[in-house]
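In my numbering, the protein residues as written are 24 to 598.
In structure tokens:
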């Protein structure tokens, strides 16, 4: 199965397009002189612009420029706006000019620049694919040679100070896209089999502890999830069953042990850790989920798994993160402040941008937003698969037949989606739909108001077969209702409430916390929709608590997302 690339899918008016448009506008406005200021100073060149603070000075912007080059290249592919291509090419040229001038006095890369090399290498693949950058292969070749000759190769387990174990995917990309032979050897050199083996062998995932790195009681969440994108790429390139088995096992581990109601994971200084520790972290901490980086890693992992297995379930995780992370992020500031951690503390949380600017998440944010377009539709053997229900248009050349499919939907606030087909000539092929895990009833399909028979195929897709004609209009029902999630099914808590994939957080105006005033386990039957306010709910008998989508909360508005039913039960509980 294949995914579609940026130019083949267009987002139409709706929540995700709003997120995309805001992101494109913000990143296009970042002044080139500011991006390059520290690098130019290091190179002894004139350096107009302002000094960025936060994380920027420590790396001189080198830790971010690779991701931004990728982002601008992809934004050009998405928008067709020449300004993005010009920005990408200009920044690439200026970076290398500064790199060469600073080489002997203040070198940009060192023996521990694994993270920077990985981002820069992928950037040059994107520059080649989307901007036709003439120096992409030459400069990627230099990066590969630098890595081979200079990067430390001890490959210490869990060392998130370098994140060496995320490198292989970019090397494989350079081998495949840029046809650089040495990249294959480097991809194999940085395989993380010591970690992947735990899942291949179905061993205890917590049986090995990091031997180096920062705050390393357990494995660093983002980079270890991201390491499995290297595992996935290795499977794509070699077809070794080792990689796919490890990948599947890791995904099951994440869904069973790590992933929370929002799709987020990795609380308490970004750890993958046992469930009891996650629950403790939700009581005591406000660093619940490294939102931007973790989301991007999960998006790519799910895309690989969907393509390799032809199975729809991975779209469920994507969907959770779309509405509860990508669309739930408050705006960045011009000083580079962004939501680094989402806050799910059970005694009250807030959305706050991190005080120090230009963190790694400012590099990842535009990439995760751009990635949305590559997660909606898939195709294989002339069959179409629809994984996400987002207003969008697919442009699909199917065996020489140009097909346009426009998806119109008010989901998640509405309960259906519509596909309008335009074909250069009639064609017969199956269309498959993901059956979301939260469905509250039967998912039905009609064509031009006539019900169509649908079956569930061997992989779990809802499938319809027909000969499609110009103007055919498919309507797909998406029945949803409020439901309760339990982070630990054994303890039946802590709990969160959702409508379909959308997490509903509580506004609370009473004393203490909502836990003291409601019987969480029986709450769904008492939640009543507010007229003309989609996905807003009151609670019968408790006028101090209302619920609304987590994505609606703005900066510094207090909310309660998880409800701690295991910590205490008081006389205040309502029946």
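We put the CB at the ideal spot given by N, CA and C, even for glycine.
Please read these numbers as outputs of a predicted model, since none were measured by experiment.
query: Selected residue, minimal CA-CA separation from residue 313, among 306, 334, 303 and 290; result: 290
query: Length at least 4, wholly inside the region 379 to 424: the alpha helix (DSSP H) runs in chain order; result: 383 to 394
query: Assumed close pair residue 399, residue 416 - CB separation to whole angstroms, cut-off 8 Å; result: The pair is not a contact, with the Cβ atoms about 10 Å apart (cut-off 8 Å).
query: Residue 91 - DSSP class collapsed to helix/strand/coil; result: helix
query: From 129, 477, 492 and 494, residue whose alpha carbon lies closest to that of residue 486; result: 477
query: Option in 204, 327, 136 and 456 with minimal Cα separation from residue 173; result: 136
query: Three-state class that DSSP yields for residue 140 in the structure shown; result: helix
query: Within 7 Å, strictly: CB atoms of residue 454 and residue 527; result: no
query: Option nearest residue 78 by Cα separation, candidates 359, 336, 214 and 94; result: 359
query: Environment of residue 448 [buried if 16+ CB atoms lie within 10 Å]; result: exposed
query: Expected contact under 8 Å - CB spacing of residue 94 and residue 50 to nearest Å; result: 6 Å
query: N- and C-terminal bounds of the alpha helix (DSSP H) containing residue 338; result: 337 to 344
query: Within 7 Å, strictly: CB atoms of residue 270 and residue 281; result: no
query: Segment contact, 8 Å Cβ cut-off, at least three pairs: the region 567 to 580 with the region 526 to 541; result: yes
query: Range of the contiguous beta strand (DSSP E) that encloses residue 438; result: Unbroken run through residue 438: none, as it is neither H nor E.
query: Distance CB(residue 181)-CB(residue 236) smaller than 7 Å; result: yes
query: Pair within 7 Å by beta-carbon distance, residue 497 and residue 442; result: yes
query: Top-ranked residue by Cα proximity to residue 493, from 254, 204 and 446; result: 446
query: Unbroken stretches of the beta strand (DSSP E), 3 residues or longer, contained in the region 486 to 557; result: 496 to 500, 505 to 511, 516 to 522, 525 to 531 and 550 to 552
query: Separation of residue 519 from residue 546, as counted between CA atoms; result: 11 Å
query: 7 Å Cβ shell around residue 115 - same chain, five flanking residues per side excluded; result: 92, 150 and 156
query: Nearest to residue 457 (by Cα), restricted to the options 335, 204 and 90; result: 335
query: Enclosing beta strand (DSSP E) for residue 32 [first to last residue]; result: 32 to 34
query: Member of 56, 214 and 396 whose CA lies at the smallest distance from the CA of residue 413; result: 396
query: Beta carbon of residue 183 nearer than 7 Å to that of residue 134; result: no
query: Boundaries (first-last residue) of the alpha helix (DSSP H) holding residue 468; result: Element bounds for residue 468: not the alpha helix (DSSP H) but the beta strand (DSSP E), 468 to 470.
query: Straight-line gap, residue 263 to residue 48 (C-alpha atoms, nearest Å); result: 42 Å
query: Residue 31 versus residue 421: straight-line alpha-carbon distance, rounded; result: 12 Å
query: At least 3 beta-carbon pairs within less than 8 Å: the region 496 to 513 vs the region 461 to 477; result: yes
query: Proximity of residue 382 and residue 348 at Cβ, strictly below 7 Å; result: no
query: Cβ pair residue 563, residue 549 closer than 7 Å; result: yes
query: Sequence-distant residues of the same chain with beta carbon closer than 7 Å to residue 56, five excluded per side; result: 71 and 72
query: N- and C-terminal bounds of the alpha helix (DSSP H) containing residue 367; result: It is not in any alpha helix (DSSP H) - residue 367 carries neither H nor E in the DSSP assignment.
query: Distance, residue 188 Cα to residue 215 Cα; result: 6 Å
query: Integer Cβ distance of residue 84 from residue 58, believed to fall under 8 Å; result: 6 Å
query: Strand pairing of residue 246, partner residues [DSSP]; result: Its beta-bridge partners do not exist; DSSP assigns none.
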